[in-house]
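Read through the structure below, which is laid out as structure tokens, and then see the notes.
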Amino acid sequence: MKELARTLVMGILNVTPDSFADGGLHFDFSAAISRAQEMIAEGVDIIDVGGESTRPGAERVSLEEERDRVIPVITELQPLGVAISIDTTRAEIARAAIAAGATIVNDVSGGLADPEMSTLIASNPGVQYIVMHWRGHAQEMDKNAEYEDVVKEVKDELDERVTALIAEGVNPEQIIIDPGIGFAKNAEHNWELLRNLDRLALLGYPILIGASRKRFLGALVSGKSPDDRESATIAITTLVASQGMWGVRTHSVKPHVDAIRVVMELEQ
Ligand code: PMM
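Residue numbering for the sequence shown follows the numbering used here, starting at 13 and increasing by one per position.
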């Protein structure tokens, strides 16, 4: 994976009132647009627009509500020229987002939540598709955090997903995989996955890591708020970038762009 130019920074734009790390800060349309503009100025590569919180225990939002949150934001951002991804498990939202200008579909369920998703992705060959490791929606994921060998099981389950998607017509070139840090995983599972990214890379797909300010970092650092986990997140970005991963999904942008620049400079 070393031939990739550098690890990409995917900036999180949660258009939800209840995301666990930014507490609904970006729910308002105009606040979302100004945050996106800030991220662009800081050198973001992709803006990941999401309208449904995936925080453990979170309630689902209706399709209409999700659409009303994300589509106006994507429509407004599209002319700015930044790559836009849509963070959704619903094919109908992904379809509307692609029509509005999104070129990446970030599906935390890897196609498991909506049987229509694979057909949509297959019929949009220019769209990239992020297939995350998933064992159920937010309300049930904590009870699914049972593994004998987390790295092997996540790798096998991602492999199974990708194989099914390809059988359903998705081009392997469209696929990016993600171990789903914090999704049906406890802290030790997350660390074990991050220690073994080379094993996941054996699947042969670009890898995205979303560790930003997540709960498992809280036990390690001083301070209780998600903001206090930022330095730890930058450390993870550095590790991930030095291993040639495709991207990191983060709340802040500038520190991650800078950390990746340092890694690139050291590796020349
Ligand atoms: N994490 C969250 C939401 N979407 N998408 C991908 N691909 N990977 C992740 O790890 C991921 C995601 C939850 O975090 P947030 O509520 O802070 O955005």
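C-beta: ideal position from N, C-alpha, C; glycine also.
Rounded to whole angstroms, residue 198 and residue 260 show a C-alpha spacing of 20 Å. Residue 60 is classed as buried because its beta carbon has at least 16 other beta carbons within 10 Å across all chains shown. In this structure, residue 149 has its beta carbon at no less than 8 Å from each heavy atom of the ligand PMM. For residue 202, the uninterrupted alpha helix (DSSP H) run begins and ends at 199-207, by DSSP.
For residue 175, the uninterrupted alpha helix (DSSP H) segment begins and ends at 162-179.
Note on residue 177: 16 or more other CB atoms within 10 angstroms of its CB, so buried under the neighbour-count rule. Contact between the segment 215-226 and the segment 151-165 is absent, with fewer than three C-beta pairs closer than 8 Å.
By the neighbour-count criterion, in which 16 or more other beta carbons inside 10 Å mark a residue as buried, residue 280 falls on the exposed side.
Residue 121 counts as buried, since at least 16 other C-beta atoms from the protein chains shown sit within 10 angstroms of its C-beta. Beta-bridge annotation (DSSP): residue 262 is paired with 23.
Cβ contact annotation for residue 157 (same chain, cutoff 6 Å, sequence separation greater than five): 196, 197 and 198, in chain order.
DSSP places residue 119 in no alpha helix (DSSP H) but in the uninterrupted beta strand (DSSP E) bounded by 116-119. The Cβ neighbour count for residue 42, taken over all protein chains shown within 10 Å, is under 16; the residue is labelled exposed. In this structure residue 208 is not in contact with residue 275, their Cβ atoms being roughly 19 Å apart against a cut-off of 8 Å.
Sixteen is the threshold: when 16 or more other Cβ atoms of the shown chains lie within 10 Å of the Cβ of residue 63, as they do, the residue is buried.
For residue 241, the closest of 20, 254, 258 and 264 by C-alpha to C-alpha distance is 264. Pairing residue 213 with residue 271, the inter-Cα distance amounts to about 22 Å. The beta carbon of residue 167 lies closer than 8 Å to those of 211, 212, 214 and 215 in the same chain, with the five residues before and after it left out. Straight across, the Cα-Cα distance linking residue 81 with residue 161 is about 38 Å. With a cutoff of 8 Å, residue 220 counts as near the ligand PMM, since its C-beta is closer than that to a heavy atom of the ligand.
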